[in-house]
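Since the structure comes first, as structure tokens, the remarks are kept for the end.
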Amino acid sequence: MMKVFLPALLLVCVALSFDVRAEDLPADAGIEALPADGKTEDLPGGQCLQCHLTAGDEVAELWQDDVHARAGIGCETCHGGDPEQADSDLAKRRGTGYQGELSPREIASSCGGCHADVEYMKVRKPLLPVDQLDKYWTSKHGKLLAEGETRVAQCASCHGAHGVREVNDAKSPVYAVNVPATCGHCHADADYMSDFDIKTDQYDDYVQSVHGKALLEKNDVRGAPACNDCHGNHGAAPPSIDAITNICGTCHSYNAELFLGSPLAPAFKEKSLADCVACHSQHLITHTSEEWVGDKPGATCRKCHEDGEEGSELALYFVDTFGSVRQSFGEIEELLAEAENKGMDVTEGEDYAEAARQSLMQARTLIHSFSRSVVEEKVMEISENQAAALEFGYASLNAFEDRRRGLIVSSLLLLLLTIGVAIKIRTLPPLD
Amino acid sequence: MSTSPENPDRALLAWAKDRYPIGKFVEWAKHKTVPIGPGAFWYYFGGISLFLFLIQVGTGILLMFYYKGSADTAFESVRFISAKVPFGWLIRSVHAWSANLMILSVFIHMFSVFFLRAYRKPRELTWLSGIALLALLLGFGFSGYLLPWNELAFFATKVGTDIIGVIPYIGDPIMYVLRGGEEVTGSTLPRFFALHVALFPALLTGLIVAHLFFIQMQGIHEPEAWKEHPEQRKTMPFFPHFFMRELMLWLITLDILAVLAVFFPAELGIEADPFSSAPAGIKPEWYFLSTFEFLKYMPAHVGPMEGEEFGLLLISTGFLLWCLVPWIDRGRNPRVTKIVMAAGVAILVFLTFMTYLGHSA
Chain A
555 MMKVFLPALL LVCVALSFDV RAEDLPADAG IEALPADGKT EDLPGGQCLQ
605 CHLTAGDEVA ELWQDDVHAR AGIGCETCHG GDPEQADSDL AKRRGTGYQG
655 ELSPREIASS CGGCHADVEY MKVRKPLLPV DQLDKYWTSK HGKLLAEGET
705 RVAQCASCHG AHGVREVNDA KSPVYAVNVP ATCGHCHADA DYMSDFDIKT
755 DQYDDYVQSV HGKALLEKND VRGAPACNDC HGNHGAAPPS IDAITNICGT
805 CHSYNAELFL GSPLAPAFKE KSLADCVACH SQHLITHTSE EWVGDKPGAT
855 CRKCHEDGEE GSELALYFVD TFGSVRQSFG EIEELLAEAE NKGMDVTEGE
905 DYAEAARQSL MQARTLIHSF SRSVVEEKVM EISENQAAAL EFGYASLNAF
955 EDRRRGLIVS SLLLLLLTIG VAIKIRTLPP LD
Chain X
147 MSTSPENPDR ALLAWAKDRY PIGKFVEWAK HKTVPIGPGA FWYYFGGISL
197 FLFLIQVGTG ILLMFYYKGS ADTAFESVRF ISAKVPFGWL IRSVHAWSAN
247 LMILSVFIHM FSVFFLRAYR KPRELTWLSG IALLALLLGF GFSGYLLPWN
297 ELAFFATKVG TDIIGVIPYI GDPIMYVLRG GEEVTGSTLP RFFALHVALF
347 PALLTGLIVA HLFFIQMQGI HEPEAWKEHP EQRKTMPFFP HFFMRELMLW
397 LITLDILAVL AVFFPAELGI EADPFSSAPA GIKPEWYFLS TFEFLKYMPA
447 HVGPMEGEEF GLLLISTGFL LWCLVPWIDR GRNPRVTKIV MAAGVAILVF
497 LTFMTYLGHS A
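Chains A and X are the protein sequences, given in the same order. According to this note's numbering, the residues represented by the first sequence are 555 to 986, in order. According to this note's numbering, the residues represented by the second sequence are 147 to 507, in order.
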């Protein structure tokens, strides 16, 4: 419990002021970046940094890599105090604006003091959004914080306090690959979450999901979603049922479009089923298979459709059709491999097979239309390409047989010619 | 002499005889003989090499009807030849196989000449022109291998031209000219194509004419024992006795080519992509494997030289000595002859062993 929150509080316990406004900062703060080598003596922080370094404080160490430090923003910007004073008491004396530990709410306001200021940010980091604070207050975290619940996440909980790194820095806790662990730090902690009445299996489920494997095992930071891609980052909240299709549809747009146009969309709405999640689950999203949509007990479709129902019949059609298509692929592969082993060029056949495979992928997507006629049209395309591949395979084997026959004929002719020459040699006058 | 309208063949011959000294050629051909000694069988490999060269010319011309020698089109044009052009697969496969068999046949021819000591005076220039022919054929093989523009050929060419670049001083400029830049790219292909179908054929034709001219001028080498025992001397007329036997071997060679083309047709693989990484196990053609393998065993440095530089120096020295064999072994000192023959055996074993190692690596 408090695993995240306490370290965050510790990190900010040196905070000396709160509610920093951009207009309180020096005009050039953050504009002149420090030299690339970023030696300690070049970092902003003045005497604050010197003392905390001497004392071996972790915050001073973390400060070395902080984006704010490298942008020339000193300790006093957030914490007040007088960084020119070597004496601790003088640096924190009354009138310097020095503040002690920042409360979670003060942290949000302090960060937002600059990051929500359009004028300030547009000259320093023009591409960085400035709506984080606004979004935060709409998030579950923000709302609870506003209600006085201090154990919820605020800026420092996820970004760190004194070692803040760019989001695309692989060492940042909010770098895509690190996000699941950062969120899971609290959300997978049953003790910590016990007072919030939230399940804590999301992280474990996500890790086993197709998304989790793609992100964490294949490092697909551009393609695979982390927690924030579905839940939002600063405005993080559990998505409503109505939002599910839009969220999944951000990436799987065609599937979403097909589903929303299908007869299942209104039916799901009527039964308050969460569109995509109703079949695919939420955090534990795994690869689908023909069996998965089948009509056998335990299959997804059987959650709602009884045996013999129209929906069950459609599921059966999908399973049978795709099963038979898969079988044909096996036959094609075997045939083309045989022809290739005999030295035939089977590229054209492989092109047909690849086209059929592409069509199969599209047909699997078209399942989301839950329309037999739509899928049938694509299955026809698959069948045509598979038939062409098979025809090519058999034609290649026949061509090989033709070659063999041609070889036998030409070899016989050459043999006859050779015998003719041998006979001619024997009829030549004998050598001396 | 008058022409006879009753017999067109004779009429044509008579017409030609009226204008050209055909009679002299016929007389020469009638009297041309070939010695029948213990190594007579090996004499046929010169003719087999020539036959395979003629097949190369014929199939090469047919391939050029469809081949498009640029990086954008080469691979597809070769695929088109193999898959769509009637008997294109056969022409391409025969071209590829006869190239390999020709180089093998020339190697056999060269080593048979060596072990029969046919390089000695007065045949020094025949020996040298033969070595130049082999070198040119290796150039043919190297340039032709890239033409399908597939992945294996692309990276083998990269490795091959890298080796050329190791030669001190002249290696880099040669490599640059061959590649058409620092790297093997689409610019390399038209250069190799031009070498393969224009420069090399012209040089080869000239060299073959010179090689045959030398042979006709001096006759085929006779066994040395005949000098001491002239009574053992035995010959056969070139026409028709030797020619008919040669023809028989040509027919057998043609059948072997047909079998190889049907059961092991030339593969195409996947198209070259200059931006992809080299696949594992890239090897040059078998006739470069021994050199490739030998260089692989070189240490990083030998004295002040790079290991590969040193390896190339050894190979170049060996090649130079091989060229100078007629002057090293003049047949005056049996000990020198023994050493030279032993060196020949060692070279043959070395090349075979290194090729085997390279093949099984």
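C-beta: ideal position from N, C-alpha, C; glycine also.
Which of helix, strand or coil DSSP assigns to residue i
| i | result |
| --- | --- |
| GLU720(A) | coil |
| HIS837(A) | coil |
| GLU370(X) | coil |
| PRO983(A) | coil |
| ARG575(A) | Note that ARG575(A) scores a pLDDT of 46, beneath 50, so its modelled location is shaky and nothing firm can be said. |
| GLU417(X) | strand |
| VAL448(X) | strand |
| MET898(A) | coil |
| THR437(X) | helix |
Contacts that residue i makes with chain A (C-beta to C-beta distance below 9 Å)
| i | result |
| --- | --- |
| PHE197(X) | The premise fails here: PHE197(X) is roughly 13 Å from chain A at the closest Cβ pair, so nothing lies under 9 Å. |
| ARG238(X) | Those within 9 Å of ARG238(X) in chain A number zero; the least Cβ separation is about 10 Å. |
| ALA175(X) | Those do not exist, as ALA175(X) stays about 15 Å from chain A at its closest Cβ, beyond 9 Å. |
Proximal chain A residues relative to residue i, where beta-carbon distance stays under 7 Å
| i | result |
| --- | --- |
| PHE409(X) | GLY897 |
| ARG269(X) | What ARG269(X) touches in chain A: nothing, since even the nearest Cβ is about 25 Å away. |
| VAL405(X) | LEU961 |
Backbone CA spacing between residue i and residue j [nearest angstrom]
| i | j | result |
| --- | --- | --- |
| HIS739(A) | ILE801(A) | 24 Å |
| TYR502(X) | PHE440(X) | 12 Å |
| HIS713(A) | GLU771(A) | 23 Å |
| ALA1008(A) | THR804(A) | No statement about residue 1008(A) is possible, as the shown extent of chain A runs from 555 to 986 and does not include it. |
| ILE168(X) | LEU280(X) | 33 Å |
| ARG678(A) | GLY626(A) | 11 Å |
| ALA245(X) | ALA412(X) | 12 Å |
| HIS342(X) | SER289(X) | 6 Å |
| LEU827(A) | ALA893(A) | 51 Å |
| VAL847(A) | ALA768(A) | 23 Å |
| GLU368(X) | ILE182(X) | 8 Å |
| ILE886(A) | PHE876(A) | 15 Å |
| PHE496(X) | LYS484(X) | 18 Å |
| ILE207(X) | GLU930(A) | 51 Å |
| PRO637(A) | ALA614(A) | 14 Å |
Neighbourhood of residue i by C-beta distance below 6 Å, restricted to the same chain and skipping five residues each side
| i | result |
| --- | --- |
| PHE385(X) | ALA175 |
| GLU902(A) | PHE946 |
Spatially closest choice to residue i from the options, by CA coordinates
| i | options | result |
| --- | --- | --- |
| ASN782(A) | ALA828(A), ASN732(A), PRO984(A) and ASP751(A) | ASN732(A) |
| GLU660(A) | GLN708(A), LEU616(A), ASN809(A) and ALA742(A) | GLN708(A) |
| CYS830(A) | CYS855(A), PRO851(A), GLU844(A) and GLU845(A) | CYS855(A) |
| LYS442(X) | GLU455(X), GLY449(X), TYR433(X) and LEU247(X) | GLU455(X) |
| TYR808(A) | ASN787(A), ALA710(A) and GLN916(A) | GLN916(A) |
| ARG918(A) | GLU844(A), SER965(A) and VAL900(A) | GLU844(A) |
| ALA489(X) | ALA507(X), PHE465(X), GLY183(X) and GLY311(X) | PHE465(X) |
| ALA229(X) | GLU703(A), ALA640(A) and GLY897(A) | GLY897(A) |
| PHE286(X) | VAL203(X), LYS163(X) and HIS447(X) | VAL203(X) |
| ARG263(X) | PRO480(X), THR498(X), SER506(X) and PRO450(X) | PRO480(X) |
| THR334(X) | ALA299(X), TRP432(X) and HIS357(X) | ALA299(X) |
| PRO336(X) | VAL323(X), GLY215(X) and MET394(X) | GLY215(X) |
| HIS503(A) | GLN601(A), ALA640(A) and MET675(A) | With chain A running from 555 to 986 in the structure shown, residue 503(A) is simply not present. |
| SER436(X) | VAL405(X), VAL408(X), ALA446(X) and LEU494(X) | LEU494(X) |
Same chain, Cβ closer than 7 Å to residue i, neighbours up to 5 away in sequence not counted
| i | result |
| --- | --- |
| ALA278(X) | LEU353 |
| VAL764(A) | ILE839, THR840 and HIS841 |
| ASP620(A) | HIS716, GLY717 and VAL718 |
| LYS725(A) | ARG719 |
| VAL180(X) | TYR189, ILE366, THR381, MET382, PHE384 and PHE388 |
| THR981(A) | none |
Interface partners of residue i on chain X, CB under 7 Å
| i | result |
| --- | --- |
| ALA976(A) | MET394 |
Contact list for residue i against chain A, beta-carbon separation under 8 Å
| i | result |
| --- | --- |
| SER228(X) | ASP899 |
Residues that residue i contacts on chain X, provided the C-beta gap is smaller than 8 Å
| i | result |
| --- | --- |
| THR650(A) | By Cβ distance, chain X contributes nothing, its closest Cβ being about 60 Å from THR650(A), past 8 Å. |
| LEU982(A) | PRO386, HIS387 and MET390 |
| LEU971(A) | LEU397 |
| ARG958(A) | VAL408 |
| GLU902(A) | ALA229 |
Cβ-based neighbour list, residue i, same chain, cut-off 8 Å, excluding 5 preceding and 5 following
| i | result |
| --- | --- |
| GLN364(X) | PRO268, ARG269 and THR272 |
| ALA297(X) | Note on residue identity: the sequence assigns Glu, not Ala, to residue 297(X). If we look at GLU297(X) and ignore the five residues flanking it on each side, its Cβ neighbours are GLY415, ILE416, GLU417, ALA418, ASP419, SER422 and PRO425. |
Proximal chain X residues relative to residue i, where beta-carbon distance stays under 9 Å
| i | result |
| --- | --- |
| LEU944(A) | In chain order: nothing, as chain X lies at least about 17 Å away. |
| LEU985(A) | ILE182, LYS380, THR381, MET382, PRO383 and HIS387 |
Heavy atom of the ligand ZN within 7 Å of residue i beta-carbon
| i | result |
| --- | --- |
| LEU209(X) | The ligand ZN is not among the ligands present in this structure, which contains no ligands whatsoever. |
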